[in-house]
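Below is one structure, written out as structure tokens; the observations come after it.
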Amino acid sequence: MTKFSDLKLSPKVLKAIDEAGYETPTPIQEGAIPHALEGRDVLGIAQTGTGKTASFTLPMITALARGRARARMPRSLVLCPTRELAAQVAENFDTYAKHVKLTKALLIGGVSFKEQDQLIDRGVDVLIATPGRLLDHFERGKLLLTGVQIMVVDEADRMLDMGFIPDIERIFSLTPFTRQTLFFSATMAPEIERITNTFLSNPARIEVARQATASETITQELCMFKASRRDRAATEKRKILRALIDREGDACTNAIIFCNRKTDVDTTAKSLKKHGYDAAPIHGDLEQSKRTEVLDGFRAGTLRFLCASDVAARGLDIPNVSHVFNFDVPGHAEDYVHRIGRTGRAGRDGKAIMICEPRDEKNLDAVERLIENKIPRVDNPLDEKPAPARKDDDDAKESAPPKRPRRGKPDAKPEDAAPIKPTAQPVKEKKPQRARSERRNQKSDNKSVGMGDHLPDFIAKSFDERRTG
DNA sequence: AAAAAAC
605 MTKFSDLKLS PKVLKAIDEA GYETPTPIQE GAIPHALEGR DVLGIAQTGT
655 GKTASFTLPM ITALARGRAR ARMPRSLVLC PTRELAAQVA ENFDTYAKHV
705 KLTKALLIGG VSFKEQDQLI DRGVDVLIAT PGRLLDHFER GKLLLTGVQI
755 MVVDEADRML DMGFIPDIER IFSLTPFTRQ TLFFSATMAP EIERITNTFL
805 SNPARIEVAR QATASETITQ ELCMFKASRR DRAATEKRKI LRALIDREGD
855 ACTNAIIFCN RKTDVDTTAK SLKKHGYDAA PIHGDLEQSK RTEVLDGFRA
905 GTLRFLCASD VAARGLDIPN VSHVFNFDVP GHAEDYVHRI GRTGRAGRDG
955 KAIMICEPRD EKNLDAVERL IENKIPRVDN PLDEKPAPAR KDDDDAKESA
1005 PPKRPRRGKP DAKPEDAAPI KPTAQPVKEK KPQRARSERR NQKSDNKSVG
1055 MGDHLPDFIA KSFDERRTG
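Note that the numbering used here has the first sequence beginning at 605, numbered continuously upward.
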């Protein structure tokens, strides 16, 4: 079996890998690193969670260890679709370049130009950026891309979804055509194919199957929910969410709760907090400092519930998420796969629970068609209790009327605090689980269900094609 | 119909 020490990485990089506790490369690393070290272009087709980031950072650090950056002329460039992903890549560089003298700058929006400018002025070896901010710097004349020897495009399919492809093409054209290009995408939509044909030259194509498919390490559940009255739907849905969380008990160490809309992310976070849950929101309308703070807290374990928009659905690597709650059925079926993929990572078990209202059933159908499975239905936890004597209608509105004093005994427990006892065990579709070690060693030639070997048609289509059918 | 990314 190949070890990192068998790859021709610099000894200083190997030392850092060893200190980080890694010995054996993942399939994408084993496939891509030798080609990248030879200076070849690489086309990596891999999902996140496959060790993709290190498959380009490690050879880059090795290649950049010689030589020095000149002012305003970065020697390498990594492009990422979201700010959080860019920050994550930057951290990866810090981990593996700790014994190498490399300078780097993170160019993302939402933070001041000044610091970024100063770093560029001094000269950086590695520039990690989101496209918008990078072009902004370029247009201010602060940045020359003619010295870029290595360029990385990460999560290209997501760049496509987000409309970044024109920017990417522009950035490509600003770098010398002699550069080495490392290009990563989870899928090969025609548009992505076109870009790679245009900007990569004779790339080594490395393709790895999804490390663990949704159906293997993630237990999925679906809770159907119909509001008792239309104007109570929002409040009742939040109540269901709490009940579903409570039903998981201690098994739910932390969780990401996905909502479709930014306003619902805020409301849900506020509501949970109000009910004593340790929750905070993250979405694109929040200040970057807040986004960073919240995500750091969740990673560190000081925050238990992360309420998120799809900004957090893809790519973010948080190893220990026990649960994903889909407060809404995602409007794009493929987002379901990305969202629940935040749990059950690195061979751990994970649980994904989704709430579905009648009006979301169309979207649910699309999800179930995509994953080629019916998600096991579980009881609505609120139906399991005897009809409440009194409706506790509080929600997240700041203007919520003050609570009336409770009737009855002063020490009577509010019904919300009563432990919710499931009358029926959630239906667990017990699939024959492969042994953990076997799963970890899963190679690309293994048969896997879901999105592994088999690629649903739609994934290979551009958004326009999907719309037009 | 919404999310992300630039000021």
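The beta-carbon is built from N, C-alpha and C at its ideal position, and this holds for glycine as well. Since we're looking at a predicted model, the values are computed, not measured.
Answer yes if the segment 721 to 736 comes into contact with the segment 789 to 808, meaning at least three C-beta pairs across the two stretches below 8 Å, and no otherwise.
-> no
Tell me the DSSP bridge mates of cysteine 827?
-> Ile959, Val982
Near arginine 895, which residues of its chain fall below 6 Å by C-beta distance, leaving aside the five closest residues on each side in sequence?
-> Ile886
Nearest CA to the CA of leucine 968: which residue from Ala837, Tyr940, Arg737, Arg762?
-> Tyr940
Buried or exposed: where does phenylalanine 781 fall if 16 or more other Cβ atoms within 10 Å of its Cβ makes it buried?
-> exposed
Would you decide whether leucine 826 is buried or exposed? Buried here means 16 or more other CB atoms lie within 10 Å of its CB.
-> The C-beta of leucine 826 has 16 or more other C-beta atoms within 10 Å across all chains shown, which makes the residue buried.
When the Cα atoms are used, what is the spatial distance from serine 1003 to alanine 838?
-> Confidence at serine 1003 is low in this model, with a pLDDT of 40, below 50, so the placement of that residue is unreliable and no value is reported for it.
Exposure of methionine 763, with buried meaning 16 or more beta-carbon neighbours within 10 Å | The residue in question, methionine 763, is buried, as its Cβ has 16 or more Cβ neighbours within 10 Å.
Could you tell me how far apart the beta carbons of serine 926 and cysteine 856 are, in whole angstroms, since I believe they sit closer than 8 Å?
-> Their Cβ separation, rounded to whole angstroms, is 6 Å, which keeps serine 926 and cysteine 856 in contact under 8 Å.
Could you tell me the distance, in whole angstroms, from the CA atom of lysine 966 to the CA atom of proline 934?
-> When the Cα atoms are used, lysine 966 and proline 934 turn out to be separated by approximately 11 Å.
Proline 885, DSSP secondary structure in three states | Judged by DSSP in its simplified three-state form, proline 885 adopts strand.
Touch check for the segment 688 to 708 and the segment 649 to 668: three-plus C-beta pairs under 8 Å?
-> yes
When we look at the beta-carbon of alanine 694 and count the other beta-carbons within 10 Å, is it buried (16 or more) or exposed?
-> buried
Can you tell me which of Ala673, Asp761, Thr821, Ile796 puts its alpha carbon nearest to the alpha carbon of valine 752?
-> Ala673
Between the CA atoms of valine 898 and aspartate 645 - distance to the nearest angstrom | 37 Å
Is there contact here, the segment 676 to 685 with the segment 736 to 750, by at least three beta-carbon pairs under 8 Å?
-> The segment 676 to 685 vs the segment 736 to 750: in contact.
What is the DSSP secondary structure of glutamate 627, counted as helix, strand or coil?
-> coil
Go to histidine 741, then tell me how far its alpha helix (DSSP H) extends in each direction, as first and last residue.
-> 735 to 743
Where leucine 890 and lysine 616 are concerned, what is the direct C-alpha to C-alpha distance, given to the nearest angstrom?
-> The alpha-carbon separation between leucine 890 and lysine 616 amounts to approximately 39 Å.
Pick helix, strand or coil for glycine 901, following the three-state DSSP scheme.
-> helix
Residue from Ala884, Pro923, Ile637, Ala813 whose Cα sits closest to the Cα of phenylalanine 909 = Ala884
Where does lysine 705 sit, in a helix, a strand or coil, going by DSSP?
-> coil
Around the Cβ of asparagine 696, are there at least 16 other Cβ atoms within 10 angstroms (buried) or fewer (exposed)?
-> buried
In whole angstroms, what separates the C-alpha of leucine 986 from that of isoleucine 775?
-> 53 Å
How many Å lie between aspartate 964 and aspartate 868 at the Cα?
-> 15 Å
Let me know the secondary structure DSSP gives isoleucine 712 once reduced to three states.
-> coil
Figure out for me which residue from Ala640, Tyr881, Arg952, Met958 has the closest Cα to the Cα of threonine 906.
-> Tyr881
Proximal residues to serine 609 (C-beta, below 7 Å), its chain only, five neighbours per side dropped = Leu618
CB of arginine 687 within 9 Å of CB of glycine 653, strictly | no
Minimum length 4: unbroken alpha helix (DSSP H) runs contained in the segment 648 to 708 | 656 to 668, 687 to 700
Complete runs of the alpha helix (DSSP H) confined to the segment 903 to 951 [at least 4 residues] = 937 to 944
Which residues in the same chain as alanine 669 place their Cβ atom closer than 6 Å to its Cβ, once the five residues preceding and following it in sequence are excluded?
-> Ser614, Val704
Using the C-alpha atoms, what's the distance from isoleucine 822 back to leucine 710?
-> 34 Å
Selected residue, minimal CA-CA separation from arginine 842, among Ile632, Met958, Gly635 | Met958
Where lysine 1149 falls, given that 16 or more other Cβ within 10 Å makes a residue buried | Within the shown structure, residues of the chain are numbered from 605 to 1073, placing residue 1149 beyond reach of any answer.
Sub-9 Å separation of leucine 845 and threonine 871 beta-carbons | no
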